[in-house]
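Everything below concerns the one structure shown next.
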Amino acid sequence: MQDIRVGMGVVGYGYWGPNLVRNFVSNPSARLVAIADLDPGKLAASTRLYPGVATTDRYEDLLKDPSIDAIAIATPVRTHYELALAALKAGKHVLVEKPLAPSADLVRRLIDEADRRKLTLMVDHTFLYTPAVQKIRELVLKEELGEIYYYDSTRSSLGLFQSDVNVIWDLAVHDVSIIQYILNEDPVAVSATGSCHVAGTPENMAHITLFFDSKCVAHVSVNWLSPIKVRQTFVGGSKKMIVYDDLEPTEKIKVYDKGITLDEPSEDAHQFRIGYRAGDMWAPHISAKEALQTEVEHFIDCVRTGSPPISGGMSGLRVIEILEAASRSIADQGRPVLLPGRRTSVTPVRATA
Ligand SMILES: NC(=O)c1ccc[n+]([C@@H]2O[C@H](COP(=O)([O-])OP(=O)(O)OC[C@H]3O[C@@H](n4cnc5c(N)ncnc54)[C@H](O)[C@@H]3O)[C@@H](O)[C@H]2O)c1
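Per the working numbering, numbering through the sequence shown is continuous, rising by one, with the last residue being 387.
Structure follows, in structure tokens:
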């Protein structure tokens, strides 16, 4: 009988690859055919866990295998473009780790190739598939928070220092993808500063500000040199505010019915009087389902039906455009950089120290 499961190959079995492998193995609509890695020790480790899955140190073996329909790429960022392009040219659908490619130009080429061949191109923006971020998006779309004033996030820990990308491309990529997913508007400009404390390595600490045409402003602080791990985001709206702590085991999201009220100035006063509203706090139920499980299900579904992924090529491109602009801004001491194709009435002000 013909096997109708999607045949999968995974390239890269380092730190993150095993998470993808585990989820493809447990997905009933997928069949993990082979794992490729240049390191024989990594391949031996995969065989100990999955003796029935073939291993190879030659990526070409995945490309040539007709039983492989799709390839997941979990190798360092500098290799994403070449490996993804080769997979698409071999007629395979691809799921590429974040960030999709090292430049917007290269992402555009991948999108063209995938479109021409009618293949799925998806990027692993894992956080979009977390129940917590999906709940925040739902609350924002239902206008529970009112007008969004700010997104303010800190993502820091001690390590893991990367050699081929700076902390923006490694960590802020998560926030940029979340911002793009939960807010109803695209940023128009970005300003960023970054610091490197280890000679010969990329920036290990950065602060990014995203400007929008509306009142909204987003600020993201990322750091590989922090004494404690922090994954905390505040989303402030005119009606309610959210505190999202990804390290909380259960109550990851807390919604505060707090805010300010502006009273009309009386005749003898010239300024608005600001009142403070302190209502209830509630923690909505958040499912414990692993994000990668949802994401792998979504990828398999997109491959089978041809429907566009939530984190498809275009969403990956918008994220890379912001990361590129942030890198340009860092190189120019925080000068605000207008994002491509965005017209704005906002005149971004220079960030002050
Ligand atoms: N989605 C997430 O939350 C998340 C988390 C961590 C890492 N990542 C991403 O996963 C990717 C890999 O990161 P990592 O931390 O696992 O790196 P890693 O260095 O631990 O692992 C990469 C593996 O790829 C192998 N490799 C490199 N080039 C290869 C090639 N041409 N052919 C076959 N194998 C090759 C290496 O031998 C290594 O085992 C990066 O893009 C990173 O941004 C995503």
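C-beta: ideal position from N, C-alpha, C; glycine also. Computed from a predicted structure; not experimentally measured.
>> Any heavy atom of ligand 1 closer than 7 Å to the beta-carbon of K323?
In response: It does not: the Cβ of K323 is nowhere closer than 7 Å to a heavy atom of ligand 1.
- Below 7 Å CB to CB, which residues in the same chain sit around L296 once its five sequence neighbours on both sides are set aside? F306, I308
Discussion item. I'd like the span of the beta strand (DSSP E) that includes T295, first residue to last.
Written reply: T295 -> beta strand (DSSP E) spans 287-297.
* **Assigned exposure category for V232 - 16 Cβ within 10 Å defines buried** => Counting the other Cβ atoms within 10 Å of the Cβ of V232 gives fewer than 16, which makes it exposed.
Classify H241 as buried or exposed, calling it buried when 16 or more other Cβ atoms lie within 10 Å of its own Cβ.
buried
Practice prompt. Kindly list the residues whose CB is nearer than 8 Å to the CB of I38, restricted to its own chain and excluding five residues on each side of it in sequence; keep chain order.
Written response: none
Checklist entry - Would the beta-carbon of K152 be found less than 7 Å away from any heavy atom of ligand 1? => result no
Q | Burial state of E219, where buried means 16 or more other Cβ atoms lie within 10 Å | A | exposed
Is it buried or exposed for R30, if we count other Cβ within 10 angstroms and need 16 for buried? No answer is possible for residue 30: it lies beyond the span of the chain, which begins at 35 and ends at 387.
Give every residue of the same chain whose Cβ lies closer than 6 Å to the Cβ of L54, excluding the five residues on either side of it in the sequence, and list them in chain order.
V44, A106, A108
- Task: On the DSSP bridge assignment, give the partners of S197 in chain order.
- Result: Beta-bridge pairing links S197 to no other residue.
>> Tell me whether P110, by its Cβ, gets closer than 7 Å to a heavy atom of ligand 2.
In response: Ligand 2 is absent from the structure shown, which contains only ligand 1.
Check your understanding: By how many angstroms is the C-alpha of P85 removed from the C-alpha of V67?
Key -> 11 Å
Practice task
Look up S190 in the DSSP assignment and say whether it is helix, strand or coil.
Solution key: strand
Judging by CA-CA distance, which residue of K263, D314, E301, H304 is the nearest neighbour of K288? D314
**OP:** State buried or exposed for W316, treating a residue as buried only when at least 16 other CB atoms are found within 10 Å of its CB.
**Re:** exposed
Notebook entry, point to check: Near I145, which residues of its chain fall below 6 Å by C-beta distance, leaving aside the five closest residues on each side in sequence?
Noted result: G347
Notebook entry, point to check: ligand 1 heavy atoms versus the CB of Y163: any closer than 7 Å?
Noted result: no
Should D71 be listed as close to ligand 1, given that the test is whether its C-beta is under 7 Å from any heavy atom? yes
Where does N61 sit, in a helix, a strand or coil, going by DSSP? coil
If you draw a straight line from the alpha carbon of V157 to that of V353, how long is it in whole angstroms?
So the two alpha carbons sit approximately 11 Å from each other.
Among the residues of its own chain, which have a CB less than 7 Å from the CB of D280, if the five just before and after it don't count? A166, R265, K286
Taking the alpha helix (DSSP H) that L97 falls in, what are its first and last residues? 93-98
Identity of the residue in A206, I320, P136 nearest A252 by Cα | The candidate whose alpha carbon is nearest that of A252 is A206.
Next on the checklist: Can you determine whether any heavy atom of ligand 1 sits closer than 7 Å to the C-beta of G405, and answer yes or no?
Outcome noted: For the chain, the structure presents residues 35 to 387; residue 405 sits outside this window and is missing.
message = So within the region 296-384, which uninterrupted beta strand (DSSP E) runs reach at least 3 residues, ignoring any that extend past its ends?
response = 307-316
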